[in-house]
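Residue numbers (the numbering used here), protein chains in the order written: chain X, 1 to 388; chain A, 1001 to 1316; chain L, 2001 to 2369.
Below, the structure written as structure tokens:
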């Protein structure tokens, strides 16, 4: 008897728990029709909010949400709602999440996806649903050649950054012996390949590592860098591995400069390596310094999120504002909004935006900056690199 | 393939590989001890190690040390090493015991099938590493420069640093001490008895539960030391550090002959060195693949590892 | 109440009751269950229960599709682990071979595209043959190893496959293969297998699952199945009694690989993009946990396990207790659930009947602690 009773009570408790938890399901969808003043629509963020890739996603989401909040404040109402979709940055997860996004007919614009892999998996679904997207950070070159009409990229693609990094190594750093390595990610390997080909004979040796979280002991790479006599190491990859590599290089007594792309532009690098080791590390980024961002963005961001604006926060802020300006002008369907993006010429805080036929940023607006880690532990603007 | 690179860097690659191998070997002891006694792959052992890597960082944090601190004086260094090791050993040892009491003991009471143990181990591993991941926002944590690596011995173009010597010597000392303990002490005899035949050992008056707890504790202690060495050598830890090195450590244990203490040492050192050679020859991205290829080849010719199985029967 | 309940249990519980029913009742129940499974995508329209079941933040039919390939993997691994008793920690390797086989033959990114560039359906048999070959190739040298040694070797196999996929230019690593064609067929001018609606993929998965269940059930009841049983219980005794253990172990591996490959082929056809990030070791371990948790050696158990490992994390999306979003904790909670389930039911949630009896025997044999 007792056993049966215990089971029955347990069963009821589980059902109650489920029901209770379901009762606080976040993001309930309401179906009231759009009100006047071009309000009542939703803009969505699609990208990693949890998981190991969440840092970049959260940077972007916060910039995006700040823009919408400021717009609503100016309107004096909850005019545009923010919808967040967590893809975890994984291509295998993205389609299911994307389908739940397109099921919400109120959503007329998407900021994201931040990564190229998930873009490959999710963008076909957005294309089929006709919802315009602006990605602030997916830089894989091939994304714009798939014929997606809804695809827009608010930053330069990988082709712009590689030559700029190579130019910096040649002209600013004047390094004679360069070691090039990458983490085999689509982003890192693509970048490293361009740098290799642009530097030509300056490259004395190369290596590849495993990706983030798959390797922690880089002693073989460190040894190769040391015995190659290189004074500069270009690492195509993200800050996670780069922080460990910088630390192990310093521990082994290598005094050269570590360089990388925008994937390394994160205070996480110096948090891993220690500020002393990170000082002098140079990263290139097809973005303008957030400090130089116009208006009160930097302070507003800090006030709202209690942290400094990160990489691409400002681009996401601009991307959201491009959508908001379009909606304000009465482009309140996905088709109209997408057409509007074809002709938009928007001066934002990080850049001026104009899209080409394929959704790329107009080449004349592309800027690449070099940033250098200083004693604050963060990368500060160094010089703008002339790519032409 | 880069033969000239491998030959040029042969010395340094060997030394750094040995240091890495020593850490792997200490870590592998936990797998081997538990397997020797219970025939169980203790998947959660990787998280026992993980907690150790964080424990010493937290204690160093109490002294105001972080990744940006200046290197301490010699006295400070000794103090910090002592408290760091103590903290890691305590936490890892306790974690290992807790896993055994909560996750395995109830199953043993019911004489559950071996697979059930493996799955609870996986569950425990997932639980711990994910909790650490959420608590640390999955960020890496940098290690304070407790010991600055300085070259002390130079042979040709091969330099050996104080840190590398410390790691290798410490591993050898611990290994020797453990070997003496298992083969020389009364408690060690209990362990060997249970490893050979649990039921007869129990009938002969050995307290089986206590022996098993002791085995987990010993594995945890070794993992704690390995964790501190790992922190100092790698310089960074992260919520998945245990899983990553755990695969290496488990491979090393099998390579040497799982259940065999000296096998774990041999397997660990061999694996560390070989991974470095493979990285030198084929590129760093192949180092893990190389260790698995080596494992398969060795198991094909010696199906129970290099030195063979058995904790109890091992040169008792 | 206690009397009826205990006698109900003594008579074999639900399964015992089912076994005593006339054949037509059983068939009717199976049919009803199948129809219900096919109607699952519309579960949210069921009042009261429906909204509790469906997932939040991830499309429900996509979540169902995910469940379907997890169930396939669980069924396949169940053949290897549950029937033949071979511990395989690298099962995701076969899933990867199936997916990559499809991608290589069909994707415009593949180096073979000029020569092949096939449709999805044409690639399926070749990709499946490839996974079976992979199963045999892995099994041939390694199946002589016992128990846990086999486990580490299979784990190594999966890691090698992942590293090769990441590091070789032919398999494109993280860049991956895009534009893998979807399964064929159209309905009223529209392709059945589109990009925005996952329901057809789920139904396809369900059909494949049913076929696999029928196939494995037949095998299990044949000479092959009896040999597996003998091997699992006592390999030496089986060998002495004339069972060609190596041959049947290899069979189990190849069939397991085939089913895993099916999952991979299906996955590639739905995603239309794959890269090396998906095929991580944790995936294999998860599926193994599912099989054992559900009840290894029993198909109903394996199916339940496959459902749980994919459904629980997805269901935790968008749930919160107080201010904490449970989704961040999904794998921690999941780990906890594994421990609790295994401690309470070491034989699995729906154990195989033979296994449950064995366990009862074992419980009596507990030695003094």
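Think of the CB as a built atom: it goes at the ideal place given N, C-alpha and C, for glycine as much as any other residue.
- Counting C-beta pairs closer than 8 Å gives three or more between the segment 1127-1140 of chain A and the segment 1225-1239 of chain A, which meets the contact rule.
- Listed as beta-bridge partners of residue 152 of chain X by DSSP are X/134.
- Three or more Cβ pairs closer than 8 Å define a contact, and the segment 223-237 of chain X meets that threshold against the segment 189-200 of chain X.
- Rounded to whole angstroms, the gap between the alpha carbons of residue 1153 of chain A and residue 161 of chain X is 43 Å.
- If the five residues before and after residue 84 of chain X are omitted, its C-beta is found closer than 6 Å to the C-beta atoms of 45, all from its own chain and listed in chain order.
- With its beta carbon at least 7 Å from every one in chain L, residue 153 of chain X lies outside the interface.
- Taking 9 Å as the cut-off between beta carbons, the residues of the segment 2114-2147 of chain L near chain A are 2141, 2142, 2144, 2145, 2146 and 2147, in sequence order.
- Annotation for residue 208 of chain X: the continuous beta strand (DSSP E) segment containing it runs 203-208.
- When Cβ-Cβ separations below 7 Å define contact, residue 1111 of chain A makes contact with chain L.
- Annotated three-state conformation of residue 2200 of chain L is helix, per DSSP.
- In terms of beta-carbon proximity, residue 1098 of chain A stays away from the interface with chain L, with every pair separated by 7 Å or more.
- Against chain L, the CB of residue 1303 of chain A has a partner CB under 7 Å away; the residue lies at that interface.
- Residue 2334 of chain L sits in a helix when the DSSP states are folded into three classes.
- Taken in chain order, the complete alpha helix (DSSP H) segments of 4 residues or longer contained in the segment 256-344 of chain X are 268-273, 275-278, 297-305, 313-328 and 334-343.
- Under the 7 Å criterion on CB atoms, residue 1047 of chain A is classed as non-interfacial with respect to chain L.
- Residues of the segment 81-105 of chain X with a Cβ closer than 9 Å to any Cβ of chain A: none.
- For residue 369 of chain X, the enclosing beta strand (DSSP E) starts and ends at 368-373.
- Here DSSP, grouped into helix, strand and coil, assigns residue 2179 of chain L to coil.
- Flagged as an interface residue toward chain A: residue 251 of chain X, by a C-beta distance shorter than 7 Å.
- Residue 1016 of chain A places its beta carbon 7 Å or farther from that of residue 1253 of chain A.
- The beta carbon of residue 2215 of chain L does not come within 7 Å of any beta carbon belonging to chain X, so the residue lies off that interface.
- Our two residues, residue 202 of chain X and residue 1278 of chain A, have alpha carbons roughly 26 Å apart in a direct line.
- Under the three-state reduction of DSSP, residue 178 of chain X is assigned to strand.
- A direct Cα-Cα distance of roughly 28 Å separates residue 213 of chain X from residue 2292 of chain L.
- Under DSSP, residue 228 of chain X takes part in no beta bridge, so it has no partner.
- Just measuring C-alpha positions, the residue of X/185, X/352, X/109 and X/371 sitting nearest residue 267 of chain X is X/371.
- Distance between residue 1245 of chain A and residue 2172 of chain L, taken at the CA atoms: about 26 Å.
- Among the CB atoms of chain X, none fall inside 7 Å of the CB of residue 1072 of chain A.
- No residue range can be given for residue 1144 of chain A, since it is assigned to no beta strand (DSSP E) and is classified by DSSP as neither H nor E.
- Beta-bridge pairing by DSSP links residue 2053 of chain L to no other residue.
- DSSP places residue 124 of chain X in the uninterrupted alpha helix (DSSP H) bounded by 116-129.
- Taken atom to atom, the span from the alpha-carbon of residue 1181 of chain A to that of residue 2270 of chain L is near 57 Å.
- Beta-bridge annotation (DSSP): residue 2100 of chain L is not paired with any residue.
- Between the segment 273-291 of chain X and the segment 304-316 of chain X there are three or more C-beta pairs closer than 8 Å, enough to call the two in contact.
- Taking 7 Å as the threshold, the shortest C-beta distance from residue 2357 of chain L to chain A does not fall below it.
- Against chain X, a Cβ distance below 9 Å from residue 1284 of chain A picks out 181, 207, 208, 209, 210, 215, 218, 220, 221 and 224.
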